[in-house]
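Participant: In the working numbering, the protein residues as written are 1236 to 1512.
In this text, a Cβ means the ideal position worked out from N, Cα and C, and glycines have one as well.
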Amino acid sequence: FHFRSRTDVQTCTTWKAPILWEGMFDPEVYDQNHKKEGSSVALTVFAVGRYLDEYLETFLNSSEHHFMVGLPVSYYVFTDMPEKVLHIHLGPQRTLKMIKVQRHSRWQDISMMRMKAISDVIESDIRHHSTHVFCFDVDQVFTGRFGSEALGDSVALLHAYYYHLPKIFYTYDRNPKSKAYMENGDFYYHAAVFGGSWKSVKSLAEGCYQNIMEDKQNNVEALWHDESHLNKYLWLHKPSRVLSPEYCWDTHIGYRSDIQVTRLLWAPKQYDKLRTP
């Protein structure tokens, strides 16, 4: 990485992990190295209830054009209605598996139970086929290269709405009764994208799930559910690579001179329509 090629942004964490911005890397070099090393990527995404109709097809089609192009990719679609998943035309070395999950009446429970589902599928399947795992929310669209430069042992994403703000505004869980409780941290990470080696993603998912279940037993629910637990985990286990908000941007934020490209965009949110049981 060329850390000095961007002087307008922070390109390195205090623990020496790179923060990836456009202009810091040569895409060809990363692609060639990962092909040589035999890297392969599993992508997990949850499309439950109306989220399947609304977002999945666009998400997968855009991923085919922009996500880890040139590397083997296995999609794992978790859904309560596998029969409704449309046939997506996949490129060479790309496969899709559907995993049936129970539909929970509360979206909060869906968001929290995904950690268990991710951990289980890594153990039963992914670890035998893929070197790396990336976990995504479905209500997003790939618009630019999301490539092998993003692969690392443990990968976190800076939240587009918080990366410019002083830490006092970070919405960590402030309830001391929750396992997600944090007084302060390094950054505010967005749970819409996280990844890493299959081992490290399995550890993260298991750690978050155990803490979620402990909270449940104590009748506590973290402020931002699995995202609160993810932030706590990544504070205790520092990521080896941090993605800038280019890797998950919301156009509603407006123009920012430091965002030179967008690689993944938030799809228009329709919570009123989608989160009703």
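Report the residue from S1479, A1385, Q1328 and V1373 whose alpha carbon sits nearest the alpha carbon of N1268.
Facilitator: Reading the sequence shown from its first residue, position 33 is the one you call residue 1268. The shortest C-alpha separation from N1268 is found at A1385.
Participant: Cα separation between S1472 and H1394?
Facilitator: For the purposes of this step, residue 1472 is taken as the residue at position 237 of the sequence shown. For the purposes of this step, residue 1394 is taken as the residue at position 159 of the sequence shown. Here residue 1472 is His; the residue named in the question, Ser, does not match the sequence. Their backbone Cα atoms lie some 18 Å apart in a straight line.
Participant: Along the chain, where does the alpha helix (DSSP H) that runs through C1443 open and close?
Facilitator: As a first step, residue 1443 is located in the sequence shown; it is residue number 208 there, counting from the start. W1433 to Q1452 is the extent of the alpha helix (DSSP H) around C1443.
Participant: Candidates E1418, Y1423, A1427 and D1461: which alpha carbon is nearest M1400's?
Facilitator: Translated into positions along the sequence shown, residue 1400 becomes position 165. Residue identity differs from the one stated: residue 1400 is Leu in this sequence, not Met. Comparing Cα-Cα distances from L1400 to each of E1418, Y1423, A1427 and D1461, the minimum goes to Y1423.
Participant: To which residues does DSSP link V1276 through a beta bridge?
Facilitator: Taking the first residue of the sequence shown as position 1, residue 1276 is located at position 41. DSSP output for V1276 lists V1308 and H1367 as bridge partner(s).
Participant: In the DSSP assignment, find the unbroken beta strand (DSSP E) run with F1302 in it and report its ends.
Facilitator: To locate residue 1302, count along the sequence shown from 1; it is residue 67. That residue, F1302, is in no beta strand (DSSP E); it is neither H nor E in DSSP.
Participant: In the DSSP assignment, what residue or residues form a beta bridge with L1478?
Facilitator: Numbered from 1 along the sequence shown, position 243 holds the residue referred to as residue 1478. In the DSSP output, where bridge partners are listed per residue, L1478 has L1255 and L1392.
Participant: Is the number of C-beta pairs between the segment 1407-1417 and the segment 1425-1438 that are closer than 8 Å three or more?
Facilitator: no
Participant: Here's the rule: buried if 16 or more other CB atoms are within 10 angstroms of the residue's CB, otherwise exposed. What is S1359?
Facilitator: Looking up residue 1359 in the sequence shown gives position 124. Classification for S1359: exposed.
Participant: Terminal residues of the continuous beta strand (DSSP E) containing L1500?
Facilitator: The residue you call residue 1500 lines up with position 265 of the sequence shown. Note, L1500: beta strand (DSSP E), L1499 to W1501.
Participant: Do the segment 1290-1298 and the segment 1369-1389 make contact, defined as three or more Cβ pairs closer than 8 Å?
Facilitator: These segments touch.
Participant: In whole angstroms, what is the alpha-carbon distance linking W1501 and V1428?
Facilitator: Here residue 1501 refers to the residue found at position 266 of the sequence shown. Here residue 1428 refers to the residue found at position 193 of the sequence shown. Distance between the alpha carbons of W1501 and V1428 is about 11 Å.
Participant: Between which two residues does the alpha helix (DSSP H) containing L1291 stretch?
Facilitator: Here residue 1291 is taken as the residue at index 56 of the sequence shown, counted from 1. Per DSSP, L1291 belongs to no alpha helix (DSSP H) and is neither H nor E.
Participant: Could you please give the first and the last residue of the uninterrupted alpha helix (DSSP H) stretch that includes L1465?
Facilitator: Taking the first residue of the sequence shown as position 1, residue 1465 is located at position 230. Membership of L1465 in the alpha helix (DSSP H) is indicated by the continuous run D1461 to L1471.
Participant: With 16 other CB atoms within 10 Å as the buried threshold, where does T1486 fall?
Facilitator: For the purposes of this step, residue 1486 is identified with residue 251 of the sequence shown, where counting begins at 1. Its Cβ having fewer than 16 others within 10 Å, T1486 is exposed.
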